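Visitor:
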Amino acid sequence: MIATSLLSKSLGQQAVLALLTEVSASPKPGLVDRFNRGAHRDMDFFTFMSSAAALSGYFEKCAKAGGSFHGVDLRVLFANLRPLGQEAEQAMFAATGGVNTHKGLIFSLGIMCAAAAYCCTAQATPSRLDEQVIGETIAQMTKGLCASELASLKKSTGLTVGERLYKEWGMTGIRGEVEAGFPTVRAYALPVYRELKSSQRYHVNDICVQTLLQLMSVNEDTNVVGRHDREMLTYVQQYAKQALEAGGILSDRGVAMIHQMNDDFVQRNVSPGGSADLLAVTIMLEYLCLAPPAI
Ligand SMILES: CC(C)(COP(=O)(O)OP(=O)(O)OC[C@H]1O[C@@H](n2cnc3c(N)ncnc32)[C@H](O[C@H]2O[C@H](COP(=O)(O)OP(=O)(O)OP(=O)(O)O)[C@@H](O)[C@H]2O)[C@@H]1O)[C@@H](O)C(=O)NCCC(=O)NCCS
Ligand SMILES: Nc1ncnc2[nH]cnc12
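Taken in order, the sequence shown gives residues 1 to 295; the numbers are from the UniProt record's numbering.
(1) Compute the Euclidean distance between the alpha carbons of Val16 and Phe59, then round it to the nearest angstrom.
(2) Taking 6 Å as the cut-off, does the CB of Cys282 come closer than this to any heavy atom belonging to ligand 1?
(3) Nearer than 6 Å: is that true of the beta carbon of Asp44 relative to any heavy atom of ligand 1?
(4) Among Val204, Gly226, Ala189, Ala122, whose alpha-carbon lies nearest the alpha-carbon of residue 331?
(5) Shorter than 6 Å, the distance from the beta carbon of Arg201 to the closest heavy atom of ligand 1, or not?
(6) Out of curiosity, what's the CA-to-CA distance linking Lys28 and Ala246?
(7) By alpha-carbon positions, which one of Gly273, Leu7, Pro292 ends up nearest to Gly67?
(8) Roughly how many angstroms lie between the CA atoms of Met284 and Gln14, to the nearest whole one?
(9) Taking the C-alpha atoms as reference points, what is the distance between Thr21 and Ser152?
(10) Go ahead and pull the three-state DSSP assignment for Ser5.
(11) Specify the secondary structure class of Met43 as computed by DSSP and reduced to three states.
(12) Extract the residue ranges of the alpha helix (DSSP H) inside the region 63 to 120, only unbroken runs of 4 or more that lie entirely within it.
(13) Is Asp277 close to ligand 2? I mean its beta-carbon at under 6 Å from any heavy atom of the ligand.
(14) With a 10 Å radius around its C-beta and 16 neighbouring C-beta atoms as the bar for buried, classify Leu31 as buried or exposed.
(15) Tell whether a beta-carbon distance below 7 Å holds between Pro272 and Val224.
(16) Would you kindly report the start and end of the unbroken alpha helix (DSSP H) that includes Arg128?
(17) Out of Leu150, Ser156, Gln260, point me to the one whose CA is closest to Gly162's CA.
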C-alpha cells in the first residue's frame with residue numbers, strides 16, 4: 001500500500017492536471033479556452049492558470065484528509081473538508097483578483113480527491129478502484145447535503161445562486177450531483193470519453209470537447225439557469241445535441257457548429273460553467289480508474 005503523503009501528492013497533481021486540461025480544451029462554446037474567453041468578461045485563459053497554480057496545495061490537503069480518515073461516518077470526512085474549501089476559495093480569489101474561476105471545482109474535485117484517497121487506504125480497500133466505488137463513497141460523504149443546505153433553507157435574502165435556484169425551481173445543482181455520486185458524469189460523460197480514448201484515433205483535446213458537448217446536452221447546469229432561466233438551459237441542451245448529431249468536433253460540420261454556438265453564447269451571455277466542471281471531474285475519474293495511485 002502506498003504511503004499517504006505520496007498518494008496525496010499524486011492525487012493533488014492529477015486534480016490540477018484535470019483543471020488545466022479542461023480549460024485548455026478548445027473550442028468550448030461560451031467558456032474560457034485557448035482561443036478566447038467565451039461569455040466571460042472578467043477572466044481569460046491566464047486567469048485560470050493562476051487559479052490552478054494557487055489550488056495545488058489544496059487538493060493535496062483534501063487527499064491527505066481522506067487518506068488519514070479512520071472514522072465510520074464518511075459525513076465527518078466531508079465536514080472536515082469544508083474549512084479547507086473555504087480557505088481554497090480565498091486563495092483562488094487572491095490569485096485571480098477576485099474572480100470566480102474554480103469555485104465549483106474546489107468543491108467537486110476536493111471531494112473526489114478525499115474519496116479516492118480514502119478508498120486507496122481504507123481498511124476495506126476494494127480490489128479495484130472504479131467509478132462505482134468512488135461514486136458510492138462520495139454519495140456516503142455527502143448524504144443529506146441537499147436536505148440540510150437546500151430543503152431546510154430559511155433565509156430569503158443573501159442567497160447563493162445554487163440556493164436561489166433551489167427555491168425558485170427545485171434545482172439541486174452540484175449538491176444534488178455529488179449526493180448521487182456524480183450520476184451525470186458516470187452515465188453520460190465517462191462512456192463517451194472512454195470510447196473515444198480506446199479507439200486511439202483522437203487527440204485528448206477532441207475527446208474533451210466531445211465529452212463536454214455530451215455533458216451540455218444533459219446537465220442541469222445551474223450556471224446557465226443562474227444567468228438566465230430554464231428555457232435557456234433547454235436551448236443549450238438542444239444546441240449541444242444538434243452539434244453532436246452533426247458529428248461534434250469529429251466532423252467539419254460539427255466544428256463549424258461549435259464555433260457558431262460560441263458566437264451565439266457570447267452574444268446571449270451564456271456560460272455552461274457547470275458542464276465545464278463536470279468535464280474536469282470526468283478527466284479525474286478516468287485517471288483514477290485507469291491508473292489508480294496504488295491499491
Ligand atoms: C456548495 C458550494 C458549491 C456552494 O455553491 P452555490 O450555492 O453557489 O451553488 P451553485 O451555484 O449551484 O454551484 C456552485 C458552482 O458549481 C458549479 N456548478 C453549477 N452547476 C453545476 C452542475 N450541474 N454540475 C457541476 N457543477 C456545477 C458552478 O461552477 C462553475 O461556475 C463558476 C462561475 O460561476 P459564477 O462566477 O458564479 O457565475 P458567472 O455567471 O460566471 O458570474 P458572473 O460572471 O455573471 O458574475 C465557476 O466556478 C465554475 O467552476 C457553480 O458556480 C460551495 O461553493 C461551498 O459551499 N463553498 C464553501 C467552501 C466549501 O465547502 N468548499 C468545498 C470543500 S469540499
Ligand atoms: N473553462 C471555463 N470557462 C468558464 N467557466 C469555467 N468553469 C470551469 N471551467 C470553466
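We put the CB at the ideal spot given by N, CA and C, even for glycine. From a predicted model like this one, the values you see are computed outputs, not experimental measurements.
Guide: Let me spell this out:
(1) 8 Å
(2) The residue asked about is misnamed: residue 282 is Thr in this sequence, not Cys. It does not: the Cβ of Thr282 is nowhere closer than 6 Å to a heavy atom of ligand 1.
(3) Asp44 has its CB no nearer than 6 Å to any heavy atom of ligand 1.
(4) Residue 331 is absent from the model: the chain starts at 1 and stops at 295.
(5) no
(6) 16 Å
(7) Leu7
(8) 7 Å
(9) Between the C-alpha atoms of Thr21 and Ser152 there is a straight-line separation of about 37 Å.
(10) helix
(11) coil
(12) 74 to 96
(13) yes
(14) Residue burial annotation: Leu31 is buried, with at least 16 other C-beta atoms found within 10 angstroms of its C-beta.
(15) yes
(16) Run containing Arg128: none; DSSP gives neither H nor E here.
(17) Leu150
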